[in-house]
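What follows is a single structure, written as structure tokens, with notes after it.
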Amino acid sequence: MSSKKQQYDQLRCPHHPNADLVEDYRAGDMVCPLCGVVVGDRVVDVGTEWRTFSGDQGLRDRSRVGAAMNHLLDGRELTTVMDTSGASTNQFASWALNAAATGSTDRGLLNGMREISSMADRISLPKVIVDQAQALFKQVQEEKLIRGRSYDAVAAACLFIACRQEDVPRSFKEICRISRYTKKEIGRCFKHLIRVLPQFSQPGTGGTATSHNSPDKFMSRYCSNLELPRYVQKLATYIAQSIERLDIARGRVYLSIYTAAIYLACTATNAKRTIKEIHEAVGVAEGTIRQTYRIVYPYRKELFPEDYEGIKSVEEIPPL
0 MSSKKQQYDQ LRCPHHPNAD LVEDYRAGDM VCPLCGVVVG DRVVDVGTEW
50 RTFSGDQGLR DRSRVGAAMN HLLDGRELTT VMDTSGASTN QFASWALNAA
100 ATGSTDRGLL NGMREISSMA DRISLPKVIV DQAQALFKQV QEEKLIRGRS
150 YDAVAAACLF IACRQEDVPR SFKEICRISR YTKKEIGRCF KHLIRVLPQF
200 SQPGTGGTAT SHNSPDKFMS RYCSNLELPR YVQKLATYIA QSIERLDIAR
250 GRVYLSIYTA AIYLACTATN AKRTIKEIHE AVGVAEGTIR QTYRIVYPYR
300 KELFPEDYEG IKSVEEIPPL
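Everything in the sequence shown is counted per numbering that gives the first Met the number 0, starting at 0 for the first residue and increasing by one.
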């Protein structure tokens, strides 16, 4: 007798014991068809996920147990290591078993893949970014380009590069904030990868990974966090683009330019946002925002659009 048949025989409706129960596969419940009483719940569906038809003969059977297989790992994530704690209290025996089951290369690859997925989940990055970062990490690991460097720091650098390649607005500080390693260590790994990876080291391709995202993508996120109206966001974006076009704040990182542009737009439109509030929304230090604002302030007439008609004129915008 099959396990499912035994399960049916054990469950009976208290009101209609002779009724044939109906299995709700989606909810995992056993339901009486006569009165609707849920007789059993959390029933595991032991059927296959994929249906195989006669025309599929000769093709790979996609039936499986557990999560979908990651094609980047070539099935290595399916390795099972049995615990030895019941047979021996020697911890070294467990370590030896783990080492024998998976080599150091495979362990590093698996750990890096998991770290990338974990970090991406924390800042809600889409799957396309995870796949891109994991493919990059696998290339780096297989070509042995990361000797002497932490796998987790390299994983963070790969995630940052993937965001740049897919034009997803995530700053370097945001990536560092979700990693266990320092900004300095991740920065070293990032520069090292850009230097040694063939697709970035060739002439004319370096900008793919090193050029920052356009201001409008970042402004949309940060102005939304600050609950600023649309017209303030558009003005801040225009100011940031003007600062970059005129090369006024040379040597300043783009986030400091964007935050100064936001504060300048808020001041001009009376959208009352303090430097502290901008700091909390973006993560740029308050002193950096003030310093960048003071640099661009003398050029404010050149930063606003010609048809600008705000609550305050450009001349009325106060200095810090």
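For glycine and all other residues, C-beta sits at the position ideal for the given N, C-alpha and C.
- G186: member of the alpha helix (DSSP H) spanning K182 to V195, first to last residue.
- The region 153-160 makes contact with the region 119-136: 3 or more CB pairs, one atom from each, lie closer than 8 Å.
- In this model, T291 and Q138 are separated by some 39 Å (Cα to Cα).
- At a cut-off of 4 residues, the continuous stretches assigned as alpha helix (DSSP H) that sit fully inside the region 111-194 are 126-141, 150-164 and 171-176.
- Taking the Cβ atoms as the reference, A239 lies roughly 5 Å from Y257, within the contact range of under 8 Å.
- Less than 7 Å separates the beta-carbon of T268 from that of I310.
- For E301, the enclosing alpha helix (DSSP H) stretches over residues R299 to L302.
- One thing to note: E184 has its Cβ within 7 Å of the Cβ of A152.
- Between the region 211-229 and the region 286-300 there are fewer than three inter-stretch CB-CB distances shorter than 8 Å, so the stretches are not counted as touching.
- Across the structure, F189 and F136 are spaced so that their CA atoms are roughly 12 Å apart.
- The three-state secondary structure of V231, taken from DSSP, is helix.
- In the structure shown, V37 falls within a strand segment according to DSSP collapsed to helix, strand and coil.
- Beta-bridge annotation (DSSP): D23 is paired with D28.
- Classified as buried, G111 has 16 or more neighbouring CB atoms from the shown chains inside 10 Å of its CB.
- DSSP, reduced to helix, strand and coil, places R249 outside both helices and strands of the structure shown, so it counts as coil.
- By the beta-carbon neighbour count (other beta carbons within 10 angstroms, threshold 16), S170 is buried.
- Spanning the alpha carbons of L108 and Y253 requires a straight line of approximately 33 Å.
- Burial check for V37: the Cβ neighbour count within 10 Å stays below 16, so the residue is exposed.
- The Cβ atoms of V21 and P32 lie closer than 7 Å to each other.
- Linking S178 to I193 through their CA atoms gives a straight-line distance of about 20 Å.
- Note that the C-beta distance between R220 and P304 is not below 7 Å.
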